[in-house]
Each structure stands twice: as structure tokens, then as C-alpha cells.
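Peer 1:
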Amino acid sequence: MAKKTNYDESSIHVLEGLEAVRMRPGMYIGSTSRKGLNHLIYEIVDNAVDEHLAGSCDRIEVTLEADGSCTVSDNGRGIPVGMHEKGVPAERLVYTTLHAGGKFDNDAYKTSGGLHGVGSSVVNALSTYLDVKVKRDGAIHHDHYVQGKPDLELVNGLLPILGRTRETGTTVNFLPDPEIFEVTRFAATEVKSRLHETAYLNPGLTIVFRDKRKDKEEEKTYHEPDGIVGFVREMNRNSECLTEPISFKGKDEGIQVEIALQYVNEFHENVQGYCNNIFNADGGTHLTGFKTAFTQVMNSYARELGILKEKDSNFTGADIRNGMTAVISIKHPNPRFEGQTKTKLDNPDASRVVAKIVAEEAPHYFDRNLDTLKVVLGCAEKSAKIRKTEEKTKTNLLSKQKFSFDTNGKLANCISRDASKCEIFIVEGDSAGGSAKTARDRTYQAILPIRGKILNVEKASIDKVLANAEIKTMITSFGCGFSEGYGNDFDISKLKYDKIIIMADADVDGAHIGTLLLTLFYRYMPDLITEGHVYIAMPPLYKVMPSRGEGEYLYDDKALERYRKKHAGEKFTLQRYKGLGEMDPDQLWETTLNPDTRMLRRIEISDPRLSSDITEILMGTDVPPRREFIYEHATDAELDV
Ligand code: 0R9
4 MAKKTNYDES SIHVLEGLEA VRMRPGMYIG STSRKGLNHL IYEIVDNAVD EHLAGSCDRI
64 EVTLEADGSC TVSDNGRGIP VGMHEKGVPA ERLVYTTLHA GGKFDNDAYK TSGGLHGVGS
124 SVVNALSTYL DVKVKRDGAI HHDHYVQGKP DLELVNGLLP ILGRTRETGT TVNFLPDPEI
184 FEVTRFAATE VKSRLHETAY LNPGLTIVFR DKRKDKEEEK TYHEPDGIVG FVREMNRNSE
244 CLTEPISFKG KDEGIQVEIA LQYVNEFHEN VQGYCNNIFN ADGGTHLTGF KTAFTQVMNS
304 YARELGILKE KDSNFTGADI RNGMTAVISI KHPNPRFEGQ TKTKLDNPDA SRVVAKIVAE
364 EAPHYFDRNL DTLKVVLGCA EKSAKIRKTE EKTKTNLLSK QKFSFDTNGK LANCISRDAS
424 KCEIFIVEGD SAGGSAKTAR DRTYQAILPI RGKILNVEKA SIDKVLANAE IKTMITSFGC
484 GFSEGYGNDF DISKLKYDKI IIMADADVDG AHIGTLLLTL FYRYMPDLIT EGHVYIAMPP
544 LYKVMPSRGE GEYLYDDKAL ERYRKKHAGE KFTLQRYKGL GEMDPDQLWE TTLNPDTRML
604 RRIEISDPRL SSDITEILMG TDVPPRREFI YEHATDAELD V
């Protein structure tokens with residue numbers, strides 16, 4: 004392949020820009036874990052979806068190639084390839100300039116390339132190579148980059164041509180750079196879920212997914228002509244539905260709003276917000292506008308119909324949304340997001356416009372569908388009744404437990420009270436707990452031994468959860484309460500430890516204990532996970548001691564296999580650790596407690612919607628979906644969390 008030569012001075016700062024992306028990838032794609040890796044695909048797909056939103060593309064294909072690369076193609080107009088005023092083809096600027104997209108086109112609702120408003124150039128910077136083929140103006144134009152740098156010579160200032168075609172479209176093939184990413188294998192389940200969601204949010208679009216990495220090739224086509232109404236139906240597929248999906252639409256102040264909702268016979272709400280096709284995990288102003296207006300509309304109906312009497316207080320928003328599954332999707336020309344994670348919409352006009360459309364459109368619907376209205380108000384009534392009873396029970400329960408919510412002397416606390424420096428190890432078993440208490444640095448490391456397997460909270464009622472001694476001890480030790488259903492007594496600012504480290508054996512039982520603890524945190528203290536405080540200690544399985552040189556810890560059988568191959572013919576002694584309980588305090592310090600030598604894995608939620616579904620499948624009461632999930636994903640299993 005010809006080496007690039009057409010790179011002048013003005014291009015140098017461009018390369019410096021991409022160098023900055025390689026230096027600090029987390030700033031641009033959130034993380035370099037699998038979540039960040041999958042983001043590369045979403046960034047490219049989002050650009051193709053923008054072309055769909057511009058009205059010029061109705062098919063996107065995504066292929067996970069056998070060689071570990073990913074190919075995304077669309078049948079849009081093709082990225083412009085003509086000479087830009089900066090002296091290079093427009094396509095090159097798209098892939099080498101941060102934020103280039105916005106400068107060339109003025110589509111009203113650009114997704115701004117996903118998470119951080121970056122796009123093609125960031126994917127390019129973080130890929131070993133990226134190859135682009137643009138079908139446009141009767142020809143197939145070709146470009147190629149290596150670690151973000153153009154690697155093809157231009158012909159008279161333009162891209163080389165591979166052949167002639169009447170078709171139009173863009174195809175991008177890229178290989179994530181292992182120098183950047185901790186893992187380079189894309190997670191198919193997450194990618195499929197995201198593509199399916201994109202199909203629901205864009206009813207005119209067909210998305211084809213292919214996974215060529217497996218023995219038997221997988222192909223799935225996502226086309227959802229019912230849009231978010233179909234999305235809500237799908238979310239409720241396993242629930243007893245009390246109403247048909249209800250939907251409203253409208254546009255004001257340049258903001259397009261689409262809402263779909265449906266009630267099921269369950270005691271929770273599931274309201275999801277999207278802005279420009281991007282899921283807003285922490286909601287934001289569009290959801291606030293929806294919730295406020297819907298609560299007002301429903302309370303006025305309840306009074307009009309005499310369901311609420313003069314002396315009664317209004318239903319709370321939570322009463323009215325109990326049993327509700329809803330999707331609020333808006334298209335905003337200039338979205339703004341709050342905070343670091345960019346997952347909460349911040350535009351005040353979104354709240355105003357959504358509220359206005361709900362206030363106008365919901366009565367239109369309910370005036371004509373009185374039976375549905377009665378079902379919805381019936382849900383609110385039932386919910387208010389249960390809320391009042393629960394509030395009473397909870398007050399009694401907590402006041403009874405106030406004095407018994409101690410740590411039963413099990414917690415060996417640390418001396419420091421500076422939460423930012425403190426760590427708490429949740430240790431399986433009294434014997435490992437005892438060793439850990441001796442081995443730790445007591446200035447900042449606390450040890451909380453737990454005995455055996457804790458309660459599976461996915462299958463237990465709140466009173467059982469709160470009555471469980473191990474769980475009570477954890478809640479008290481962490482110091483920030485718990486959140487559940489109606490009440491949210493959780494306050495992350497009160498957390499006494501920066502790191503909560505699960506320390507369990509590297510065997511099936513240990514993994515089960517870890518899963519039970521994660522289920523507890525995920526359901527009752529989710530901020531611990533979303534704010535990055537939960538870790539799993541990775542104790543080694545082996546220590547190899549060569550006759551000369553330093554000993555080395557190995558964390559799994561594959562590592563041992565690699566070691567044997569690398570040191571074939573050399574003599575070494577092999578120590579196998581059966582469990583944490585077998586390590587003496589010095590070994591435990593070196594392998595699991597000492598921040599300089601230990602290995603920790605931080606728990607991240609890569610897809611909040613998927614995580615909730617999978618927790619329910621894996622930890623809930625229903626066996627058949629669990630079996631199905633395990634069969635389907637058995638080949639996906641990898642060590643990486
Ligand atoms: C496979 C992934 N697809 C893309 O990345 C993709 C970008 C893109 C695009 C346009 C059309 N298709 C695309 N696919 C486009 C074309 C035109 C105007 N705007 C956008 C046009 O023909 O006039 N572009 C996204 C950014 C840009 N093009 C550019 F204009 F900045 F170059």
C-alpha cells in the first residue's frame with residue numbers, strides 16, 4: 004500500500020489532535036474497557052443514522068468480522084469526497100479532525116456522534132487501521148488510515164478510485180487498537196441490543212447485524228415499523244399488560260417529541276428517555292416535563308371522575324407511574340447534557356415542550372378512551388393504597404431496627420475517617436476474614452467478613468432483605484442507607500469508603516457470592532456501582548517460582564499454560580492456592596490487599612437496560628429464561644468483567 008505523502012503543515016495540528024485522543028482515550032469514549040470498545044461501533048453507526056435522519060439512508064449493516072475488526076456500511080449519499088477549502092478531500096477532514104462532522108453539514112438533529120459529541124475521527128485515532136470506501140458520483144473512492152494517520156497517496160489531491168458504480172453509500176472497516184483497549188473483542192449481545200433499540204427509535208430504518216466470529220455465522224435483521232410503540236410492547240413482552248400502548252406526538256420550538264406508554268400489572272415504573280436516538284441513563288429535562296404534566300393531567304381526571312375527593316391529597320407522580328413502561332424520545336437541535344457522564348439531558352426547553360405536548364395530547368387520547376383512563380387511575384389508586392401501608396410498615400420496621408442496625412462487632416474498621424482513602428473488603432468466610440484482619444493496613448483498610456452466601460435479593464421481599472443480618476451489617480458499614488421502590492434513603496455522599504472490594508475465592512462458589520453481592524448493590528445501592536466504588540479482588544490461582552529470578556503470580560489456567568510454553572524446559576516450582584483461607588497473612592497482603600501488587604477489577608454497567616434485564620434473568624425466580632440465556636451465551640463467556 005502506498006505511503007501517504009500529501010500531508011502539509013496545516014495537517015500537523017490535526018494529527019496532534021488525534022494524538023491527544025490516543026493519549027487520553029477515556030476523555031473521548033468514556034473508558035478503554037469493553038464499554039468504550041463497543042462505543043467505537045456506536046460512533047460510526049450514529050453517523051449512518053444521521054444520514055437516515057437527513058432522509059437519505061434506509062439500510063445500515065454492521066458486521067463483526069472474523070479477524071476482530073468491524074464493518075459498518077450505509078446506503079446514504081456517501082461522505083463527500085470533493086476537495087475541501089482546506090486542500091484535502093472532505094472525507095479526510097471527517098476522519099482526521101475532531102468534531103469535523105458538524106462543520107460540513109447542518110442536519111437539524113445530528114446525534115453529535117454519540118456519547119461525547121465526537122465521532123469518526125476518534126474511532127480512527129483509536130484503531131490500528133481504518134478503511135473507508137465511499138460510493139458516490141459513479142465511483143468507489145478509497146481511503147485508509149493507520150493509527151489515525153492517512154496511509155494512501157492522493158491522486159491530484161483526490162481519493163484514489165477503486166472502480167465504477169451507480170450505487171451510493173459509505174463503508175467503514177476498522178480494527179480497534181490493542182495498544183489502547185484492555186479488551187478488543189466486541190460484546191455481541193450489547194451491540195445487538197443497541198442496534199435493535201436504534202431500529203425502534205427509527206422506524207424507517209433496517210439494520211442488519213452479522214457476527215462472523217463464531218463457527219456458525221449469525222445474522223439478524225432489525226426493522227421496527229411501529230417505532231417506540233413496538234419498543235414498549237417488546238419491553239413488556241413477558242408481563243401482563245393492562246392497556247394497549249398509548250402514544251402521543253408533537254413538535255414545538257423546533258423540538259420533536261414522541262411518547263409511547265403502556266401499563267402492566269407490576270409494582271414498578273420503567274420510564275426511559277432518549278434524545279437524538281441516544282439513551283439518557285440518568286433521564287433529564289424531557290422526563291421531568293413528561294412526569295410533571297402526566298401527573299397533573301391524571302390528577303385532574305381523578306378529581307373530575309370523583310376518584311379523588313376534595314379531602315384527598317393528590318396522587319403522587321410515582322403512584323401514577325406505577326406499572327407504567329414508557330419511552331420518551333425527543334429530537335433536539337442543540338442538546339446539552341449534565342455532568343461528566345453526559346447521560347442526563349439538561350435543556351430547559353425540552354421540559355417545557357414535552358410538558359406542553361403531554362398536556363395537550365394526553366386529554367385528546369383519554370377523552371376518547373375512557374376505559375383505558377379508568378385502568379390507569381385504578382393503578383394509581385391501588386398504588387397509593389399500597390404506598391400508604393408500606394410507608395407505615397417501613398417506619399415501624401426502621402424504628403424497630405434503628406437500634407439493631409449495628410455491625411455486630413464483625414466489622415474490623417480502619418483508623419482513618421477520610422472516606423476518599425478508605426477501603427472496605429467484604430471477605431467470604433471467617434478464616435479468610437481472620438487472615439485479612441491480620442494482613443491489612445489498618446490505617447485505611449477495613450475488613451467485613453461475611454459467612455457463606457448472602458440472600459438473593461432478586462427473589463426476596465424488602466422486609467426479608469432488611470431482616471438479613473449480613474445485609475444489615477453491610478448497609479450500616481457503608482453508611483449511606485439504601486434505595487428501594489418508593490423511598491430513596493440512599494445518600495452516596497455519606498459513603499465511608501472509596502472502594503468496596505469483594506474478596507471471594509476464584510472458584511464457582513466465590514463467583515456465586517460475588518454475583519449475590521453485586522445483585523444486592525445493583526438493586527438497593529446502584530449508585531455504588533454507577534459511581535465506580537465497587538471492585539472485585541482477583542486473587543491469583545498460582546505462584547510460580549523459577550530456580551532463578553523473581554516469583555510470579557498467575558491468575559488463571561490460561562496464564563499458567565502461557566507460562567509453561569514460554570518457559571518450556573526451565574525448572575520452576577508451582578504453588579496452587581486453593582482459596583483465600585489457605586493464604587498466610589503475608590501472602591494475602593501481597594496478592595490481594597497491597598495496592599502496589601494486587602489486581603482489582605472495577606465493576607461497570609455497560610448497558611443499564613440490559614443489566615437490569617440480565618439481573619432479572621440470572622437471579623430472578625423464572626428458570627426457563629435463565630436456561631435459555633445460559634445456552635445462548637455460553638460461548639460468549641470471557642474472563643473480563
Ligand atoms: C458507515 C458509516 N457512515 C458514515 O459515517 C457516514 C457519514 C456520512 C455523511 C454523509 C452521508 N453519508 C454518510 N455516512 C453526508 C453527505 C452529504 C452531506 N452531509 C453528510 C452530502 O452528500 O451532501 N457525512 C457525515 C459528515 C459528512 N458527511 C461531511 F459532510 F462532513 F463530510
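Residue numbers for the sequence shown follow our numbering, beginning at 4 and rising by one.
From the three backbone atoms N, C-alpha and C, an ideal C-beta is built for every residue, glycine too.
For clarity, every value in this text was computed on a predicted model and none was experimentally measured.
#1: With burial defined as no fewer than 16 other Cβ atoms inside 10 Å of the residue's Cβ, what is the status of leucine 373: buried or exposed?
#2: Quick check: the Cα distance between leucine 101 and glycine 122, rounded to an integer number of angstroms?
#3: Can we count asparagine 471 as close to the ligand 0R9, meaning its CB is less than 7 Å from some heavy atom?
#4: Glycine 207: beta carbon under 7 Å from a heavy atom of the ligand 0R9?
#5: Measuring from the CB of valine 647, is there a heavy atom of the ligand 0R9 at a distance below 7 Å?
#6: Report the rounded CA-to-CA distance for threonine 131 versus glycine 151, giving the unit in angstroms.
#7: DSSP state of phenylalanine 347, grouped into three classes?
#8: What are the partner residues of lysine 502, as DSSP defines its beta bridges?
#9: Any chance the stretch 541 to 557 sits against the stretch 574 to 593, with 3 or more Cβ pairs inside 8 Å?
#10: Beta carbon of leucine 591, beta carbon of tyrosine 538: below 8 Å?
#11: Could you tell me whether the Cβ atoms of glutamine 259 and valine 330 are closer together than 8 Å?
#12: Measuring straight from C-alpha to C-alpha, what distance separates leucine 118 and alanine 449?
#13: Measuring alpha carbon to alpha carbon, tell me which of Arg27, Pro28 and Gly33 ends up nearest glutamate 607.
#14: Look up histidine 289 in the DSSP assignment and say whether it is helix, strand or coil.
#15: Which residue marks the beginning of the beta strand (DSSP E) containing histidine 145, and which one marks its end?
#16: For a test of the three-state rule: what should DSSP assign to serine 36, helix, strand or coil?
#17: If you run the structure through DSSP and keep just helix, strand and coil, what is asparagine 325?
#18: Give me the Cα-Cα distance between tyrosine 203 and glutamate 222, rounded to the nearest whole angstrom.
#19: What is the DSSP secondary structure of methionine 477, reduced to helix, strand or coil?
#20: Give a single yes or no on whether aspartate 77 has its beta carbon closer than 7 Å to a heavy atom of the ligand ATP.
#21: Out of Val379, Val97 and Asp140, which has the shortest C-alpha to C-alpha gap to arginine 167?
#22: Cα-Cα, which of Lys217, Asn205, Asn239 and Met238 is closest to tyrosine 225?
#23: Alpha carbon to alpha carbon, what distance is there between threonine 295 and phenylalanine 184?
#24: Would DSSP call glutamate 221 helix, strand or coil?
#25: Taking C-beta to C-beta, are arginine 216 and leucine 67 nearer than 8 Å?
#26: Run the CB neighbour count on threonine 600, radius 10 Å, all protein chains shown included, and call it buried at 16 or more, exposed below.
#27: Does alanine 571 pass the burial test, meaning 16 or more other C-beta atoms within 10 Å, or should it be called exposed?
#28: Going by C-alpha to C-alpha distance, which of Glu593, Tyr45, Val135 and Ser316 sits closest to alanine 191?
#29: Return the residue from the list Leu308, Lys312 and Asp352 that minimises the CA-CA distance to cysteine 278.
#30: Going by CA-CA distance only, name the one from Glu94, Cys382 and Val135 that's closest to cysteine 244.
#31: Taking 8 Å as the limit between beta carbons, can you name the residues of its chain near glutamate 363, skipping five residues before and five after?
#32: Could you check how far apart the C-beta atoms of leucine 129 and arginine 25 are, in whole angstroms? I think they sit under 8 Å.
#33: Ordered along the chain, which non-local residues of its own chain (more than five positions away) have a Cβ less than 6 Å from that of leucine 40?
#34: Output the distance between the C-alpha atoms of proline 181 and lysine 568, rounded to the nearest integer angstrom.
#35: Would you say the beta carbon of valine 460 is closer than 7 Å to some non-hydrogen atom of the ligand 0R9?
#36: For proline 163, tell me which candidate among Arg169, Pro153 and Ile516 has the shortest Cα-Cα distance.
Peer 2: The relevant details are as follows:
#1: Per the 10 Å Cβ criterion, exposed.
#2: Cα to Cα, leucine 101 sits roughly 8 Å from glycine 122.
#3: With a cut-off of 7 Å, the C-beta of asparagine 471 is classified as distant from the ligand 0R9, since no heavy atom of the ligand falls inside that distance.
#4: Not under cutoff, so the answer is no.
#5: Past the boundaries of the shown model lies residue 647; the chain is included only from 4 to 644, so the question cannot be answered.
#6: Between threonine 131 and glycine 151, the C-alpha separation is close to 8 Å.
#7: According to the sequence provided, residue 347 is lysine. The question's phenylalanine does not apply to it. Strand.
#8: Lysine 502 is bridged by DSSP to Glu426.
#9: Touching, yes, given that three or more Cβ pairs across the two stretches are closer than 8 Å.
#10: In this structure, tyrosine 538 does not lie closer than 8 Å to leucine 591 by Cβ.
#11: No, these two residues do not count as a Cβ contact at 8 Å.
#12: Here the model assigns leucine 118 a pLDDT of 34, short of 50, so the residue's position is not dependable, and the following value carries that caveat. Rounded to whole angstroms, leucine 118 to alanine 449 spans 37 Å at the Cα level.
#13: Checking every option, the nearest Cα to that of glutamate 607 belongs to Gly33.
#14: In the structure shown, histidine 289 adopts helical secondary structure according to DSSP, grouped into three states.
#15: In this chain, the beta strand (DSSP E) harbouring histidine 145 covers 142 to 149.
#16: Serine 36 falls in the coil class under three-state DSSP.
#17: Coil, per DSSP.
#18: One C-alpha to the other measures close to 18 Å.
#19: Helix at methionine 477.
#20: With respect to small molecules bound, the structure shown includes the ligand 0R9 and not the ligand ATP.
#21: When only C-alpha atoms are compared, the closest one is Asp140.
#22: Tyrosine 225 has its Cα closest to that of Asn205, out of Lys217, Asn205, Asn239 and Met238.
#23: C-alpha separation (whole angstroms): 42 Å.
#24: Of the three classes helix, strand and coil, the one that applies to glutamate 221 here is strand, per DSSP.
#25: Yes, Cβ-Cβ distance for arginine 216 and leucine 67 is below 8 Å.
#26: It is exposed - the Cβ of threonine 600 has fewer than 16 other Cβ atoms within 10 Å.
#27: The residue in question, alanine 571, is exposed, as its Cβ has fewer than 16 Cβ neighbours within 10 Å.
#28: Of the listed residues, the one whose Cα sits closest to alanine 191 is Tyr45.
#29: It is Asp352 whose Cα lies nearest to the Cα of cysteine 278.
#30: Closest by alpha carbon: Cys382.
#31: Non-local C-beta neighbours of glutamate 363 in its own chain, meaning closer than 8 Å and more than five positions away in sequence, comprise Gly253, ordered along the chain.
#32: Here leucine 129 really is in contact with arginine 25; their C-beta atoms are around 7 Å apart, less than 8 Å.
#33: Excluding sequence neighbours, leucine 40 sits near Pro179 and Phe184.
#34: Approximately 22 Å between the Cα atoms of the pair.
#35: Flag unset: Cβ of valine 460 not near the ligand 0R9.
#36: It is Pro153 whose Cα lies nearest to the Cα of proline 163.
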